[in-house]
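**Student:**
Numbering (my numbering), first residue to last: 1185 to 1423.
1. List the DSSP bridge partners of residue 1282.
2. Which residue marks the beginning of the alpha helix (DSSP H) containing residue 1396, and which one marks its end?
3. Which of the three DSSP states is assigned to residue 1318 in this structure?
4. If you draw a straight line from the C-alpha of residue 1342 to the C-alpha of residue 1377, how long is it?
5. How about residue 1257 and residue 1322: are their beta carbons less than 8 Å apart?
6. My understanding is that residue 1272 touches residue 1307, with C-beta atoms under 8 Å, so please give their C-beta distance in whole angstroms.
7. Is residue 1207 helix, strand or coil by DSSP?
8. Leaving out five residues on either side along the sequence, give the residues of the same chain with a beta carbon under 8 Å from the beta carbon of residue 1351.
9. Please tell me whether residue 1259 and residue 1268 are closer than 8 Å, where the distance is taken between their beta carbons.
10. Given that a residue counts as buried once 16 or more other Cβ atoms are within 10 Å of its Cβ, and exposed if not, what is residue 1239?
11. Can you tell me which of the three DSSP states residue 1182 falls into?
12. Which one of 1274, 1289, 1278, 1234 has the shortest CA to CA distance from residue 1362?
13. List the whole-angstrom C-beta distance separating residue 1284 from residue 1277, where the pair is believed to meet the contact cut-off of C-beta under 8 Å.
14. Hey, could you find the ends of the alpha helix (DSSP H) residue 1237 is sitting in?
15. Count Cβ pairs between the region 1210 to 1219 and the region 1291 to 1299 that sit closer than 8 Å; are there 3 or more?
16. Using 7 Å as the cut-off, classify the Cβ of residue 1209 as near or not near the heavy atoms of the ligand NAD, replying yes or no.
17. Identify which residue in 1348, 1244, 1383 has its Cα closest to the Cα of residue 1360.
18. Let's test the definition: count the other Cβ atoms within 10 Å of the Cβ of residue 1324 and tell me whether it reaches 16, buried, or not, exposed.
19. Helix or strand or just coil, what does DSSP make of residue 1253?
20. Relative to the alpha-carbon of residue 1329, which residue among 1299, 1266, 1224, 1206 has its alpha-carbon at the smallest distance?
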């Protein structure tokens, strides 16, 4: 048998070789899988979504997922960490040229918008009840995110009548915030009024424990001033 080979070029050393494209595509595939998993895990729970569905959501095959991750648990851990970052970045971003305050943190996390946006919200409040049943690597990502937010809270604390150390206050506040959002979501379909009541109650008590009183009043006054200014500008443009 005669085999004729013609027009063959090396694929290993050219700048735009298929080998390099394959590596770039692999990175894109990984990012797509992490993004899809992060959304689906928050929407339906880690145990409520299979690898086939995640792959489909990412526009990839089942085999492509296992080419990137040795297990569903490994994907869940990376997706959990990736889901935490946008919320943390948003919470720590400057507000109208000033650094964020405790009031900003609490208003963001304990908002109706956060409660109602399960797929894009904090993965801790979305998955807290099931993380304990996952592998250690998933628990480690939860722990890292929790400690990160506790440290953020602790740095922002004000004077409070609570007879506790700052770390204790921050730990209790963060646990109450995660649990408050989760409980508010749990009752929202059956009793929307109770859902709102839970968020408002947690928001008030956590603010008091955090020593928000003076700082919160200043921030809210500034927000009210900006809102009135926007209303005046709109009225002027309409006239």
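Yeah, the Cβ is synthetic: ideal placement off N, Cα and C, and Gly gets one too.
**Tutor:** Short version:
1. DSSP lists 1279 as the beta-bridge partner residues of residue 1282.
2. Here residue 1396 belongs to no alpha helix (DSSP H), and DSSP marks it neither H nor E.
3. Correct three-state label for residue 1318: coil.
4. A direct Cα-to-Cα measurement between residue 1342 and residue 1377 gives close to 31 Å.
5. Cβ atoms of residue 1257 and residue 1322: closer than 8 Å.
6. So it is not a contact: roughly 11 Å between Cβ atoms.
7. The answer is helix: DSSP assigns residue 1207 an H, G or I state.
8. Cβ neighbours of residue 1351 beyond the five flanking positions: 1334, 1338.
9. For residue 1259 and residue 1268, no; Cβs fall outside 8 Å.
10. Looking at its Cβ environment, which holds 16 or more other Cβ atoms inside 10 Å, residue 1239 is buried.
11. This structure does not reach residue 1182, given that the chain is present from 1185 up to 1423, and the question cannot be answered.
12. Closest by alpha carbon: 1289.
13. The C-beta distance from residue 1284 to residue 1277 rounds to 7 Å, short enough to fall under 8 Å.
14. Annotation for residue 1237: the continuous alpha helix (DSSP H) segment containing it runs 1235 to 1241.
15. They do not touch, by the three-pair rule.
16. For the ligand NAD, the structure offers nothing, since it holds no ligand at all.
17. Nearest to residue 1360 by alpha-carbon distance, out of 1348, 1244, 1383, is 1383.
18. Residue environment analysis places residue 1324 among the exposed positions, since fewer than 16 neighbouring C-beta atoms fall within 10 angstroms of its C-beta.
19. In this structure, residue 1253 counts as coil in the three-state DSSP scheme.
20. Minimum Cα distance to residue 1329 is reached at 1266.
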